[in-house]
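K.L.:
Residue numbers (the numbering used here), protein chains in the order written: chain U, 293 to 391; chain F, 32 to 491.
See the structure below:
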């Protein structure tokens with residue numbers, strides 16, 4: 293389980309993940325904010341559709357991809373949270389692929 | 032001179048990029064520093080400005096970065112953070128994007144200072160939800176103040192002990208550390224113990240951390256013969272083979288690490304010559320004593336070239352910067368040779384213990400080349416060892432061909448977490464040297480970029 297250390301987390305913002313409101317520290321990147329909120333699975337693997345989450349936290353692995361404000365495949369470890377950010381899982385759209 | 036033309040463009044704001052930038056700021060040149068992070072410091076000094084008041088828990092090595100970042104800030108250079116560089120041409124054109132908008136600039140001289148990344152660690156189960164790299168654990172702690180309790184750490188290398196030390200310092204319990212350092216490495220390292228004497232302070236520091244880990248309530252498990260991570264969709268346990276018996280540790284999180292390797296993608300994309308370094312078991316970029324690559328006008332400094340650590344990287348950045356100034360006719364070559372001397376001297380001392388450290392922490396072949404056919408090698412495209420072996424069976428003979436045969440290396444990370452494994456696996460399977468197998472051809476864009484981002488470029 294991930295958690296924040298230190299007494300004060302500073303300023304907070306509210307983000308929405310999969311319809312759920314989360315109050316998180318403003319200084320965090322999206323990946324850290326979700327991990328600290330108990331979310332570890334960010335997307336589906338492209339091939340086996342299994343749960344995947346951040347691996348490197350430094351912009352190299354592309355495992356932490358997520359949809360932010362409608363924009364797909366964003367590297368959540370490199371983007372800071374913003375008030376009102378709408379985030380959803382990066383799921384593989386199987387039906388689209390079959391069209 | 033056009034607005035978008037610079038004397039020097041530095042890619043990366045870690046120790047090498049920062050020291051180079053600070054040095055050139057004393058001369059009248061137009062320089063631009065591009066960096067992917069939100070703040071300067073690179074990975075090693077990540078979050079250093081925000082952590083100013085509580086760096087003691089993170090170790091003295093981390094504190095050293097503050098001066099570097101402060102000098103850089105004081106130099107007041109043109110610096111763009113959160114900038115994703117996705118194209119570099121051999122005549123110095125650089126394209127990058129910030130928040131979805133792309134820009135194109137030109138540098139008479141380019142300094143690549145993109146640092147290192149963690150070496151792939153293809154264990155069975157390493158793609159499961161709940162497995163992250165130990166470097167990631169450290170970045171979460173340094174930048175975000177976020178930790179994970181009761182995780183299992185697996186692997187080898189100084190960074191693994193450092194993060195364990197940092198976790199213990201901030202009072203975060205670790206379930207266990209599984210040390211995969213091969214027994215034979217201690218004997219190999221002894222051969223280089225003379226060089227090791229130069230770095231005796233660091234080595235003693237390392238042993239202190241190790242002792243601290245053992246003295247805390249953390250289980251320390253060494254001399255294991257195999258490790259795997261189990262779970263159907265998320266981590267349920269870490270299993271290890273010791274004395275012929277598989278044992279398991281129930282856990283929800285595992286952090287894995289087996290050293291760092293140069294981040295070579297941008298250098299390779301522009302055609303810089305690479306060399307296989309057997310001591311480090313990775314690809315490095317060929318440079319001369321001035322950090323110049325095989326491409327004119329493109330220098331590579333710090334861990335982006337070869338692994339020598341953050342302190343050495345800062346010296347290399349200064350050495351590269353002085354040569355670049357002479358290339359720009361700002362200083363003469365004789366001035367360069369005079370000014371470079373103190374940096375070369377300190378660099379020599381800094382590099383002296385590397386042979387010892389590299390031998391001690393060289394990851395075992397069994398963890399670089401997986402044994403179990405079901406092990407995922409390419410995380411993005413979920414290509415297993417068996418898939419790679421199948422490709423070889425039907426005639427695949429080179430790393431680059433492997434992309435066409437199997438899609439290994441074709442995902443969004445562009446081979447960063449499978450390329451090294453793929454080269455070594457193919458070399459072993461085909462019974463040839465890794466240098467003969469080569470590496471994936473890396474082509475721009477070196478970071479995924481949307482058509483929308485491309486369309487924002489101001490040029491035709």
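Think of the CB as a built atom: it goes at the ideal place given N, C-alpha and C, for glycine as much as any other residue.
Between F:341, F:216, F:162, which has its C-alpha nearest residue 147 (chain F)'s C-alpha?
P.N.:
Considering only alpha carbons, the answer is F:341.
K.L.:
Distance check for residue 302 (chain U) and residue 465 (chain F), CA to CA, integer angstroms please.
P.N.:
If I take the Cα positions, the gap works out to 50 angstroms.
K.L.:
So, under 8 angstroms CB-CB, residue 293 (chain F) and residue 314 (chain F) are touching, yes? Tell me the CB distance rounded to an integer number of Å.
P.N.:
Yes, they are in contact, since the Cβ atoms of residue 293 (chain F) and residue 314 (chain F) sit about 7 angstroms apart, within 8 angstroms.
K.L.:
What is the DSSP secondary structure of residue 393 (chain F), reduced to helix, strand or coil?
P.N.:
In this structure, residue 393 (chain F) counts as coil in the three-state DSSP scheme.
K.L.:
As a quick exercise: from F:422, F:240, F:162, pick the residue whose alpha carbon is nearest that of residue 437 (chain F).
P.N.:
Residue 437 (chain F) has its Cα closest to that of F:422, out of F:422, F:240, F:162.
K.L.:
Specify the secondary structure class of residue 400 (chain F) as computed by DSSP and reduced to three states.
P.N.:
Three-state DSSP puts residue 400 (chain F) in coil, outside helix and strand.
K.L.:
What's the call for residue 391 (chain U), buried or exposed, on a 16-neighbour Cβ count within 10 Å?
P.N.:
With a pLDDT of 45 at residue 391 (chain U), under the threshold of 50, the modelled position of this residue cannot be trusted; read the value that follows with caution. Residue 391 (chain U) comes out exposed.
K.L.:
Distance, Cα to Cα, residue 279 (chain F) vs residue 373 (chain F)?
P.N.:
Going by the C-alpha atoms only, they are around 52 angstroms apart.
K.L.:
Taking Cβ-Cβ distances shorter than 8 angstroms, what residues in chain F pair up with residue 345 (chain U)?
P.N.:
Within chain F, the residues near residue 345 (chain U) are 160, 161, 163.
K.L.:
Shortest alpha-carbon distance to residue 300 (chain U) belongs to which of F:185, F:231, F:175?
P.N.:
The shortest C-alpha separation from residue 300 (chain U) is found at F:175.
K.L.:
Can you tell me which of the three DSSP states residue 303 (chain F) falls into?
P.N.:
If DSSP states are grouped into helix, strand and coil, residue 303 (chain F) belongs with coil.
K.L.:
Interface residues of chain U around residue 444 (chain F) at Cβ under 7 angstroms?
P.N.:
Neighbours of residue 444 (chain F) on chain U, chain order: 352, 353, 354.
K.L.:
Quick one: grab the DSSP three-state call for residue 174 (chain F).
P.N.:
Looking at residue 174 (chain F) - three-state DSSP - the assignment turns out to be helix.
K.L.:
Buried or exposed: which applies to residue 435 (chain F), given that a residue is buried once 16 or more other Cβ atoms fall within 10 Å of its Cβ?
P.N.:
Exposed, because fewer than 16 other Cβ atoms sit within 10 Å of the Cβ of residue 435 (chain F).
K.L.:
Against residue 167 (chain F), what residues of chain U qualify as contacts under a CB-to-CB distance less than 7 angstroms, listed in chain order?
P.N.:
Chain U residues near residue 167 (chain F): 346, 347, 348, 349.
K.L.:
Does the distance from the CB of residue 151 (chain F) to the CB of residue 471 (chain F) come in under 8 angstroms?
P.N.:
Cβ atoms of residue 151 (chain F) and residue 471 (chain F): not closer than 8 angstroms.
K.L.:
For residue 324 (chain U), which option in U:357, U:368, U:380, U:383 has the closest C-alpha, if you only look at C-alpha atoms?
P.N.:
Among U:357, U:368, U:380, U:383, the Cα nearest to that of residue 324 (chain U) belongs to U:368.
K.L.:
Can you list, in chain order, the residues of its chain whose CB lies under 8 angstroms from that of residue 366 (chain U), leaving out five sequence neighbours each side?
P.N.:
The residues are 322, 357, 358, 359, 360.
K.L.:
Does any residue of chain F have a CB that is nearer than 8 angstroms to the CB of residue 308 (chain U)?
P.N.:
For residue 308 (chain U), the answer is no, since every Cβ of chain F falls outside 8 angstroms of its Cβ.
K.L.:
Below 8 angstroms, how does it come out for the region 375–383 of chain U and the region 185–198 of chain F: are there three or more Cβ pairs, yes or no?
P.N.:
In short, these stretches do not touch, since the Cβ pair count stays below three.
K.L.:
When the Cα atoms are used, what is the spatial distance from residue 253 (chain F) to residue 182 (chain F)?
P.N.:
If you take the alpha carbons of residue 253 (chain F) and residue 182 (chain F), they lie about 17 angstroms apart.
K.L.:
Is any non-hydrogen atom of the ligand ATP found closer than 7 angstroms to the C-beta of residue 337 (chain U), if you look at the structure I gave you?
P.N.:
As far as ligands go, the structure on display features none, and thus does not contain the ligand ATP.
K.L.:
Are the C-beta atoms of residue 305 (chain U) and some chain F residue less than 8 angstroms apart?
P.N.:
No, residue 305 (chain U) does not count as interfacial toward chain F.
K.L.:
Quick check on residue 204 (chain F): buried or exposed, where buried means 16 or more other Cβ atoms within 10 Å of its Cβ?
P.N.:
With fewer than 16 Cβ atoms within 10 Å of its Cβ, residue 204 (chain F) is classed as exposed.
K.L.:
Along the region 201–225 of chain F, what residues have a CB closer than 9 angstroms to any CB found in chain U?
P.N.:
Within the region 201–225 of chain F, the residues whose Cβ lies closer than 9 angstroms to some Cβ of chain U are 201, 202, 203, listed in chain order.
K.L.:
By alpha-carbon positions, which one of F:135, F:55, F:388, F:84 ends up nearest to residue 120 (chain F)?
P.N.:
Residue 120 (chain F) has its Cα closest to that of F:135, out of F:135, F:55, F:388, F:84.
K.L.:
Classify residue 486 (chain F) as buried or exposed, calling it buried when 16 or more other Cβ atoms lie within 10 Å of its own Cβ.
P.N.:
So residue 486 (chain F) counts as exposed.
K.L.:
Between F:418, F:459, F:426, which has its C-alpha nearest residue 440 (chain F)'s C-alpha?
P.N.:
Nearest C-alpha to residue 440 (chain F): F:418.
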